[in-house]
Amino acid sequence: MSSVLHLNVVTRVHGEGATEVRALRDVSFRASAGELVAVMGPSGSGKSTLLTLAGGLDAPTSGTVSVEGVDLATLGNGGRARMRRTSIGYVFQDFNLIPALTAVENVALPLELDGVRTRTARAAARTALDEVGIGDLADRFPDHMSGGQQQRVAIARAVVGDRRLILADEPTGALDSETGEDILRLLRVRCDAGAAGVLVTHEARHAAWADRVVFLRDGVVIDETGTDAAEGLLESGVTR
Amino acid sequence: MSVKQALLALLEQGPRYGYQLRAEFEQRTGSTWPLNVGQVYTTLTRLERDGLVEADGADGEGHVIYRVTAAGREEVAAWFTTPVPRTQPPRDELAIKLALAVTMPGVDVGSVIQQQRSATMAALQDYTRLKRDGGNDLAWGLVLDSLVFAAEAEIRWLDHCEARLRRAALEKPAVPAPVDAPEVAR
Chain B
1 MSSVLHLNVV
11 TRVHGEGATE
21 VRALRDVSFR
31 ASAGELVAVM
41 GPSGSGKSTL
51 LTLAGGLDAP
61 TSGTVSVEGV
71 DLATLGNGGR
81 ARMRRTSIGY
91 VFQDFNLIPA
101 LTAVENVALP
111 LELDGVRTRT
121 ARAAARTALD
131 EVGIGDLADR
141 FPDHMSGGQQ
151 QRVAIARAVV
161 GDRRLILADE
171 PTGALDSETG
181 EDILRLLRVR
191 CDAGAAGVLV
201 THEARHAAWA
211 DRVVFLRDGV
221 VIDETGTDAA
231 EGLLESGVTR
Chain Z
241 MSVKQALLAL
251 LEQGPRYGYQ
261 LRAEFEQRTG
271 STWPLNVGQV
281 YTTLTRLERD
291 GLVEADGADG
301 EGHVIYRVTA
311 AGREEVAAWF
321 TTPVPRTQPP
331 RDELAIKLAL
341 AVTMPGVDVG
351 SVIQQQRSAT
361 MAALQDYTRL
371 KRDGGNDLAW
381 GLVLDSLVFA
391 AEAEIRWLDH
401 CEARLRRAAL
411 EKPAVPAPVD
421 APEVAR
């Protein structure tokens with residue numbers, strides 16, 4: 001079964017000599033279509049490093065990171081940037097919306113940067129905003145939205161253009177517990193609809209929305225719970 | 241668990257017989273704490289003895305119908321306006337297990353913690369799945385949330401224990417001396 005994301009024996013070392021830090025050590029990790037995987041660990045466990053490697057924002061010291069079968073190291077900077085606009089969606093704790101753009105403009109941006117015509121991009125963005133339940137707020141600016149609404153915009157931006165890998169870094173960190181749960185519900189729906197999701201969090205209650213929970217300590221995967229990928233696929237994809 | 245108060249509260253909504261009480265209790269709590277009918281009737285007998293309910297004849301099929309008395313209503317009102325006492329924490333097997341594990345040589349406390357964390361996380365995933373599929377039953381939803389938050393608290397506590405153990409190990413690299421060594425020179 002092909003994985004949307006595959007880290008194969010990945011090591012990432014920052015610095016060298018006495019100040020050397022091994023952020024990840026021989027980590028192998030997969031996320032398949034239709035699956036939401038949570039990565040849990042304390043600060044310094046390597047979970048954010050794992051996510052930046054998966055998103056092509058950083059490169060491993062050794063090992064390979066593949067997205068939809070393509071080894072990111074074989075792409076140039078331009079190729080990786082294109083991959084981030086077309087295949088990989090990122091959701092951050094602090095939303096990272098551009099304040100001078102409306103919701104629909106924020107969501108359409110990655111498509112427009114990729115050369116999609118404005119009208120087509122905006123239409124796709126409106127659909128994506130509808131899907132996360134805030135189609136009526138499309139023309140608002142981020143400053144005029146609540147935190148929960150802004151994170152919905154960020155999720156719409158992460159999935160627009162049919163991207164199949166969603167990487168979420170503590171996406172509920174700044175939200176109250178009910179709003180945070182709505183966001184997880186949305187991520188869950190996107191994964192049930194066929195995307196692969198990776199959720200980095202230190203909150204067990206949020207990790208519990210995932211099919212699998214991977215525990216990281218000191219850059220090493222020490223344990224894993226939940227259904228395996230094949231079962232996850234059966235539940236969410238094949239039986240539909 | 242306060243079966244007594246729960247049954248009284250249900251009876252306040254109108255006269256009922258034992259099976260009905262059990263069904264309504266389990267509907268609201270999602271069968272999280274199953275009641276057997278014997279337990280329900282024993283409790284009703286005790287409530288009747290204490291003057292909090294009274295038997296009020298039988299229906300066509302011979303079920304004894306109970307209704308709440310004025311004293312029973314007062315008891316229900318008092319229950320809802322008084323916090324649940326926390327003075328006697330229930331015996332917590334996990335806390336006891338860890339308290340013993342850290343003092344016993346040869347027990348790998350780290351793996352005790354991780355095994356428990358995985359098991360509790362699996363339970364938390366199950367509760368979350370039930371929530372997702374559970375629809376809109378408010379009472380049962382709140383009970384599920386209670387289980388979710390309790391499991392989360394346990395995992396947070398395990399994370400905390402692990403961090404404390406790591407710090408202790410850094411500060412004192414040697415294994416702590418066992419307690420049963422009184423003749424060690426000072």
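If you read the sequences in order, they're chains B and Z.
Its first residue numbered 1, the first sequence is counted upward by one per residue in the working numbering.
Its first residue numbered 241, the second sequence is counted upward by one per residue in the working numbering.
Ideal placement from N, C-alpha and C gives every residue a C-beta, glycine not left out.
Chain-ordered neighbours of Q354 (chain Z) on chain B, where CB pairs are closer than 8 Å: Under a criterion of Cβ atoms nearer than 8 Å, the residues of chain B adjacent to Q354 (chain Z) are, in order, F215, I222, D223.
Bridge partners for A31 (chain B) per DSSP, in chain order? Beta-bridge pairing links A31 (chain B) to B:L5.
Would you say V316 (chain Z) faces chain B, with C-beta separation under 8 Å as the test? No, its Cβ sits nowhere closer than 8 Å to a Cβ of chain B.
Would you say S271 (chain Z) faces chain B, with C-beta separation under 8 Å as the test? Interface with chain B (8 Å Cβ-Cβ cutoff): S271 (chain Z) is excluded.
Through-space distance from M40 (chain B) to T52 (chain B), alpha-carbon basis: If I take the Cα positions, the gap works out to 15 Å.
Local conformation of I98 (chain B) per DSSP, three classes: In this structure, DSSP gives I98 (chain B) a state outside helix and strand, which the three-state scheme calls coil.
Report yes or no: is there a C-beta of chain B within less than 8 Å of the C-beta of A362 (chain Z)? Yes, A362 (chain Z) lies at the interface with chain B (some Cβ there is under 8 Å from its Cβ).
Going by beta carbon distance, what residues of the same chain come within less than 6 Å of L387 (chain Z), once the five residues before and after it are set aside? Cβ within range, chain order: Y367.
Once you ignore the five residues that flank V209 (chain Z) on each side, which residues in its own chain have a CB closer than 7 Å to its CB? This structure cannot speak to residue 209 (chain Z), because chain Z is shown only from 241 to 426.
Do you know how far the Cα of P274 (chain Z) is from the Cα of L57 (chain B)? If you take the alpha carbons of L57 (chain B) and P274 (chain Z), they lie about 52 Å apart.
Checking the sheet assignment: what are the DSSP bridge partners for A168 (chain B)? A168 (chain B) is bridged to B:V91, B:L199.
From this set, B:D176, B:L137, B:A156, which residue's C-alpha is nearest R190 (chain B)'s C-alpha? Closest by alpha carbon: B:A156.
Contact with chain B by Q253 (chain Z), beta-carbon distance below 8 Å: Among the CB atoms of chain B, none fall inside 8 Å of the CB of Q253 (chain Z).
What distance in whole Å lies between the Cβ atoms of G89 (chain B) and A158 (chain B), which are believed to be in contact at a cut-off of 8 Å? That pair is a contact at about 3 Å.
V198 (chain B) beta carbon less than 8 Å from that of V160 (chain B): No, they are not a contact pair.
Look up I305 (chain Z) in the DSSP assignment and say whether it is helix, strand or coil. It is a strand residue.
Going straight from the alpha carbon of F320 (chain Z) to that of R326 (chain Z), what length do you get? Going by C-alpha positions, F320 (chain Z) is about 16 Å away from R326 (chain Z).
Test item: CB-CB of V349 (chain Z) and A341 (chain Z) under 8 Å: The answer is yes: Cβ separation under 8 Å.
Beta-carbon neighbours of S358 (chain Z), restricted to chain B and to distances below 9 Å: At a C-beta separation below 9 Å, S358 (chain Z) has these neighbours in chain B: V213, F215, D223, E224, T225.
Going along the chain, which residues of the stretch 29–42 of chain B sit with their C-beta nearer than 7 Å to a C-beta in chain Z? Residues of the stretch 29–42 of chain B with a Cβ closer than 7 Å to any Cβ of chain Z, in chain order: P42.
Is G374 (chain Z) close to chain B, meaning its C-beta is less than 8 Å from at least one C-beta of that chain? Chain B, which has no Cβ nearer than 8 Å to the Cβ of G374 (chain Z), makes this no.
So, helix, strand or coil for R152 (chain B), using DSSP? In the structure shown, R152 (chain B) sits in a helix (DSSP, three-state: H, G or I).
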